[in-house]
Amino acid sequence: MIRTSLRRVVAPGIAVTAILAMTACGAGNEGDNGSDNDGGSNSGSTDGEAGASDVTVDGQFTIGGASSQEAAQNAWTIGYTDVQPGATVTYEAIGSGGGRENFISGAYPLAGSDAYLVDEAPDNELSKATERCQGEAPIEVPNYVSPIAIAFNIEGVTELKLTPETLAGIFAGQITNWSDPALAEDNPGLPDAAINAVHRSDESGTTENFTNYLSSVAGDVWTAGEVETWPGEAGGEGAAQTSGVIDAITNGENSIGYADASQASELGKASIEVNGEFIDPTPEAAAAILSASEPAAEAGENQLVFDLNYTPDEAAYPIVLTSYLIACSTYEDEAEANFVRTYMEYVLSADGQQFGAEEAGVAPLAEDIESQALEIVGKISAG
């Protein structure tokens, strides 16, 4: 079902077929290099090539989490199947919070999240994940960077420029009409019409990243802080999952909302002011912010996680989510360990990153970050 769904999106499947053929050939070539398929080795790939694995994976595996990753994960599950034909992978787009909960409970061997694990009451997710991973800190590595688009549907309007303050004012419920003077200065000709601001109604890593940006750059306007669940006092229309937000904006007049840019392709996307320049939400502009950011201070050797710099000197789009994969370094079940390691290696490989960019519009990781992530993933084993 996933294969059919993706190939309806790609014009007559040509791009998918070409890239997967190249990926499969790469995997086959490496399989001829005398690899020992006994399933017991833990020599992860760090050369960035797809399928550089010493094991054969068979079986059905269910993973899930951030709905913002859905398009990319649908592509990767197909690409991985061509590398490991005996494996079937299903990605359940239930939201970042649900993905982390299912990983901690053991329902998922691997989760996708738009926020890294922290120990904050009442959830204390990092400690719980450590307990789930047999007392070892969980592995957390980025799998791509994506702009969070401020998507809009305003009749007759194709361009929209927003400063951090006006953006915060819209979502805080303080700017309620498109003719507001705060908008007119940069956007002459907007209609005299009520603004329908759409937000995620479910627990969401996208919401957490978006509100972290608002709180960091316009904290005097957006006073609710960094939250995963939308604050009721801010108002607006709620919609579940990324797809629900896109649908609400598409079907609602004079609407605006936030969503992973890779899933908002048919909508208008606002440019955001950074240091006096309005920046469009392109993958390249989003990727630039990660290079300008520092690793989180609390990160351990298994965590490649970042605290984003929302006011970089270079021309970077500031509202982004860094999508993470969360796994254990040790699994009790050998088949599960082999699947998690090889799947993550494929996603992080040069071919996997290219495939995600081609089919889902995600911004590939910089080579140095990709290399660091692969080194961490190479630790995964059974024991």
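Position in the sequence shown counted from 1, then plus 21, gives you the working numbering. In this text, a Cβ means the ideal position worked out from N, Cα and C, and glycines have one as well. Owing to the predicted nature of the structure, the values given are computational and were not obtained by experimental measurement.
Going straight from the alpha carbon of residue i to that of residue j, what length do you get?
i	j	result
I175	Q195	19 angstroms
A218	Y367	38 angstroms
V248	A132	20 angstroms
G246	A142	16 angstroms
T351	L395	16 angstroms
V78	M365	13 angstroms
E286	S264	It is Ser, not Glu, that sits at residue 286 in the sequence shown. When rounded, the distance between both Cα atoms is 12 angstroms.
V266	I171	11 angstroms
F192	S392	38 angstroms
I401	A356	12 angstroms
V76	E305	34 angstroms
A371	Y165	12 angstroms
D281	T244	23 angstroms
R221	A114	14 angstroms
D135	S283	14 angstroms
G127	I390	28 angstroms
G119	S225	9 angstroms
E254	V242	13 angstroms
L211	E180	10 angstroms
A336	G382	19 angstroms
G321	L346	15 angstroms
D354	D144	27 angstroms
G107	Y101	10 angstroms
A260	Y279	11 angstroms
P316	G177	42 angstroms
S314	P202	34 angstroms
T303	P168	7 angstroms
D334	G297	11 angstroms
Leaving out the 5 sequence neighbours to the left and right, which residues in its chain are closer than 8 angstroms to residue i when beta-carbon positions are compared?
i	result
A387	A308, L311 and S312
E146	R121, I125, L138, V139 and D140
V398	G65, I160, V162, A348, R362, M365, E366 and L369
E229	S117, D135, A136, E247, V248 and E249
D301	K290, S292 and Y338
Residues bridged to residue i by DSSP?
i	result
I300	I293
I277	F173 and A218
V110	F82
Y345	S134 and P163
K182	S292
D328	E315
N198	A215
T351	S402
A260	R221
A269	Paired residues: none, contrary to the question.
A384	V166
Between residue i and the ligand GTP, is there a pair consisting of the residue's CB and a ligand heavy atom that are separated by less than 8 angstroms?
i	result
K149	By its list of ligands, the structure shown contains no ligand whatsoever, and the ligand GTP lies outside what it can speak to.
Can you list, in chain order, the residues of its chain with a C-beta nearer than 6 angstroms to that of residue i? Leave out the 5 residues immediately preceding and following it.
i	result
G49	At G49 the pLDDT is 38, less than 50, meaning the model places this residue with poor confidence; the figure from the coordinates comes in the next sentence. The answer is none, since no qualifying residue turns up.
I84	Y112, Y129 and L131
Q90	G133 and S344
P385	Q374 and A378
T184	E294
F299	K182 and S292
A239	P185, E186 and A189
F360	V78 and F82
A150	I125, L138 and P159
N105	In the sequence under discussion, the amino acid at residue 105 is Gln, which differs from the Asn named in the question. Closer than 6 angstroms at the Cβ level, and outside the excluded window around Q105, lie V78.
Could you spell out the range, first to last residue, of the alpha helix (DSSP H) harbouring residue i?
i	result
E161	From DSSP, E161 is part of no alpha helix (DSSP H) but of the beta strand (DSSP E) over I160 to N174.
L211	No alpha helix (DSSP H) contains L211, which DSSP labels as neither H nor E.
A150	E146 to R153
E254	Careful: E254 lies outside any alpha helix (DSSP H) and carries neither H nor E.
A318	Premise fails: A318 is in no alpha helix (DSSP H) and is neither H nor E.
L395	E388 to V398
T102	E91 to V104
A285	It is not in any alpha helix (DSSP H) - A285 carries neither H nor E in the DSSP assignment.
D372	A371 to A381
I125	S117 to S126
Among the residues of its own chain, which have a CB less than 7 angstroms from the CB of residue i, if the five just before and after it don't count?
i	result
V30	Residue placement at V30 cannot be trusted, given a pLDDT of 33 that sits under 50; the coordinates are not used to answer.
A358	Y352, I401, S402 and A403
Could you please give the first and the last residue of the uninterrupted beta strand (DSSP E) stretch that includes residue i?
i	result
E229	No beta strand (DSSP E) holds E229; the alpha helix (DSSP H) holding it covers G226 to V238.
The region 80-98 in contact with the region 373-380 per 3-pair CB rule at 8 angstroms:
yes
Counting pairs of Cβ atoms below 8 angstroms between the region 211-225 and the region 183-201, do you hit three or more?
The answer is yes - the region 183-201 touches the region 211-225, with three or more Cβ pairs under 8 angstroms.
Under 8 angstroms: do the region 153-165 and the region 264-275 share three or more Cβ pairs, one atom per stretch?
With a cut-off of 8 angstroms, the region 264-275 and the region 153-165 do not count as touching, because too few Cβ pairs lie within range.
Within the chosen definition, does the region 225-234 reach the region 329-341 through at least 3 CB pairs nearer than 8 angstroms?
yes
Contact between the region 323-339 and the region 161-168 is defined here as three or more beta-carbon pairs at a separation below 8 angstroms; is this criterion met?
yes
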